[in-house]
Amino acid sequence: MSPNPTHHGPSRNLYEVLELPQTATRSEIRAAYHRLAKLSHPDKNPGVDPTIFHELQQAYEVLSDVDKKAQYDNRLRHTESMSGTGFGSFTDPTAFHDLFQSWFKEEYTASFFEHTSFGSTSAHFSSHSGHHHHHHHHHHHQSNGGRKTADSSLEFECTLEDLMNGRKVAMEVQRQLGCEACEGLGFGPHMRPKPCQQCDGQGFIMTTLTINGLLASGTAVCTSCQGAGEKLSQRDRCSSCRGSGLRVKKERVEWKITKGMLPGEVICLPDAGDAEPGCRPGNLLLHLKLAPHPTFKTLGSRSRDLILPVSITLSESLLGLDRLVFHHLDGRGVRLRLPPPNEPGYSIIKPGEERVIRGAGLPSRPRTNEPAGDLWIKFEIEWPSEAWVASQDLDFLKHALPAVRPDLGPSLPASTSQIYLTLQSGQFDHQSSHPK
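Structure follows, in structure tokens:
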């Protein structure tokens with residue numbers, strides 16, 4: 001069922017309302033109802049037609065009760081057997097509609113034909129226009145036995161610091177539980193359904209027509225009570241849950257991100273999920289999603305390696321480095337040392353060059369043989385400012401820096417003209433291939 005369900009079309013029996021075959025078990029009926037109720041409950045889905053939720057309640061009320069379900073199945077089989085005689089011969093619903101309405105326009109509305117399917121496996125006859133549909137839940141108590149409710153999922157945004165160090169989390173979650181006010185019934189404990197006036201408590205209606213001298217008769221499930229034979233008025237429904245038997249409760253849960261976990265992992269909190277009436281609570285599944293970090297980046301969702309851009313000066317790239325450069329995710333300050341030109345291992349650091357610190361990435365899980373990740377340092381070179389250069393002895397800089405290059409060779413012919421072109425500041429957008 002989609003999040004925005006539409007009103008059920010014609011000829012839908014109770015099993016079709018719950019999207020189930022007639023062979024469905026009680027547990028399958030219960031699971032289907034609560035799955036579809038989440039998508040159509042008026043409180044949670046303001047844009048959905050409320051009659052859809054009412055239809056679900058009626059279908060569940062009948063099919064979840066052993067006796068009512070047996071009566072409904074018998075009536076359904078009887079309707080199917082009758083569909084082959086009398087009414088089954090009328091294949092043009094428009095013509096039949098005009099004829100029927102001309103005879104019985106005082107007793108039935110056009111909605112009769114919206115829910116009637118002659119010759120089909122089930123015929124749904126609508127109620128009188130003066131009646132309204134009402135619904136109530138079969139008696140359900142929340143218990144520790146029975147089927148386990150389906151697990152609930154929740155996405156939790158964690159940080160790289162959480163994965164590096166571990167973290168204890170306390171948070172509020174919303175759980176859908178059986179309504180305490182009515183104990184999951186949907187109505188008060190002293191409320192009793194009354195016989196349906198449309199079908200006199202029978203659950204089906206009989207109809208007989210004479211057309212061109214042919215007598216046609218049949219039965220159809222009463223759509224006012226959906227075959228239950230009894231109904232509850234709207235005022236008898238539980239005011240806390242509006243007859244759904246369910247409520248939303250905020251609860252505080254505590255759990256832990258273990259040091260060494262990775263994004264995408266799932267933490268299971270047993271019995272902390274939703275609990276359908278009469279069922280055991282499901283689990284709450286927490287999916288870890290990594291929040292963006294201002295400096296550190298990962299090399300993949302399942303990788304323990306990290307990458308960190310580090311900016312050094314032109315002097316440090318040429319002459320070596322020995323200073324506190326950054327604070328790691330565990331809070332420690334990290335010093336980096338690049339040997340000067342007169343020591344072994346010296347090399348000039350070029351823009352964009354990468355160096356690695358083994359084992360300084362995300363840690364492995366405790367008590368595992370998996371190695372920790374590595375930390376990759378990507379160097380960015382800070383060039384001196386124009387003001388700094390202008391303040392220096394330019395002759396000294398010319399002699400200290402590598403010599404300038406000569407003109408482009410080989411020498412151009414003497415007849416070749418030369419011009420000056422002006423360079424302007426700009427930035428090229430490599431993604432769109434257009435200058436900014």
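Residues 1 to 436 (full-length UniProt numbering) make up the sequence shown, in order. Idealized CB from N, CA, C, for every residue including glycine. Computed from a prediction, not measured in an experiment: that's the story for all the values here.
With burial defined as no fewer than 16 other Cβ atoms inside 10 Å of the residue's Cβ, what is the status of Met206: buried or exposed?
exposed
To the nearest whole angstrom, what separates the beta carbons of Gly227 and Leu14, a pair I think is in contact under 8 Å?
7 Å
Quick check: what's the CA-CA separation for Arg323 versus Pro406?
Cα-Cα distance, rounded: 38 Å.
Tell me which residues share the same chain as Arg75 and place their Cβ nearer than 8 Å to its Cβ, disregarding the 5 neighbours each side in the sequence.
Gly203, Phe204, Thr219, Val221 and Gly227
Among the residues of its own chain, which have a CB less than 7 Å from the CB of His41, if the five just before and after it don't count?
Phe53 and Ser244
By a C-beta neighbour count over all protein chains shown, 10 Å radius and 16 as the cutoff for buried, is Arg30 buried or exposed?
buried
Let me check understanding here. Comparing Cα to Cα, which of Glu380, Ser233, Asn45 and Arg335 lies closest to Arg192?
Minimum Cα distance to Arg192 is reached at Ser233.
Got a sec? Which residues, its chain only, sit under 7 Å from Cys268 by beta carbon, not counting five neighbours each side?
Asn283 and Leu285
What's the C-alpha gap between Tyr420 and Trp383?
26 Å
Can you tell me whether Gln424 is buried or exposed? The criterion is at least 16 other CB atoms within 10 Å of its CB, across all chains shown.
exposed
Is there contact here, the segment 173-192 with the segment 305-313, by at least three beta-carbon pairs under 8 Å?
no
Just tell me which of Leu154, Gly178 and Asp162 has its CA closest to the CA of Pro363.
Asp162
Pull up the CB-CB distance for Tyr60 and Leu18, whole angstroms please, since I reckon it's below 8 Å.
7 Å
How about Cys238 and Lys148: are their beta carbons less than 8 Å apart?
no
According to DSSP, simplified to helix, strand and coil, what is Ile419?
Residue state, collapsed to three classes: coil.
Indicate the three-state DSSP secondary structure (helix, strand or coil) for Lys105 in the structure shown.
With a pLDDT of 39 at Lys105, under the threshold of 50, the modelled position of that residue is not reliable, and the figure given next carries that caveat. Coil, per DSSP.
Taking 8 Å as the threshold (C-beta atoms), are Asp271 and Arg175 in contact?
no
Output the distance between the C-alpha atoms of Gln427 and Glu343, rounded to the nearest integer angstrom.
Going by C-alpha positions, Gln427 is about 39 Å away from Glu343.
Output the residue ranges of the beta strand (DSSP E) runs that lie fully inside the segment 368-402 and measure 3 residues or longer, sorted by chain position.
375-382
Figure out for me which residue from Ala400, Glu230 and Trp255 has the closest Cα to the Cα of Met171.
Trp255
With contact counted as at least three CB pairs below 8 Å, one residue from each stretch, are the segment 378-396 and the segment 343-356 in contact?
Using a C-beta cut-off of 8 Å, the segment 378-396 makes contact with the segment 343-356, since at least three inter-stretch Cβ pairs fall below that distance.
Is it buried or exposed, Ser417, if we count other Cβ atoms within 10 angstroms and call 16 or more buried?
By the 10 Å Cβ count, Ser417 comes out exposed.
Which class does Arg77 belong to by DSSP, given the choice of helix, strand or coil?
helix
Ala291 and Glu157 look like a contact to me (Cβ under 8 Å); what is the Cβ gap, rounded to whole Å?
5 Å
Excluding the 5 residues flanking Glu16 on each side, which residues of the same chain have their C-beta closer than 7 Å to its C-beta?
Cβ neighbours of Glu16 beyond the five flanking positions: none.
When the distance is taken between beta carbons, is Cys179 closer than 8 Å to Arg235?
no
I need the boundaries of the beta strand (DSSP E) containing Lys38, first residue and last residue.
Lys38 -> not in any beta strand (DSSP E); alpha helix (DSSP H) instead, spanning Arg26 to Ser40.
Just the Cα atoms here: how many angstroms apart are Leu299 and Leu306?
6 Å
What do you get for Thr223, buried or exposed, if any count of 16 or more other CB atoms within 10 angstroms of its CB means buried?
So Thr223 counts as buried.
Note down, in chain order, each residue of its chain lying with its Cβ closer than 8 Å to the Cβ of Leu308, except the 5 sequence neighbours on either side.
Taken in chain order, the residues that qualify are Thr295, Phe296, Lys297, Phe326, Leu375, Trp376, Ile377 and Lys378.
Where does Asp429 fall in DSSP's three states?
Note: Asp429 maps to strand in three-state DSSP.
In three-state terms, what does DSSP make of Leu163?
Helix, per DSSP.
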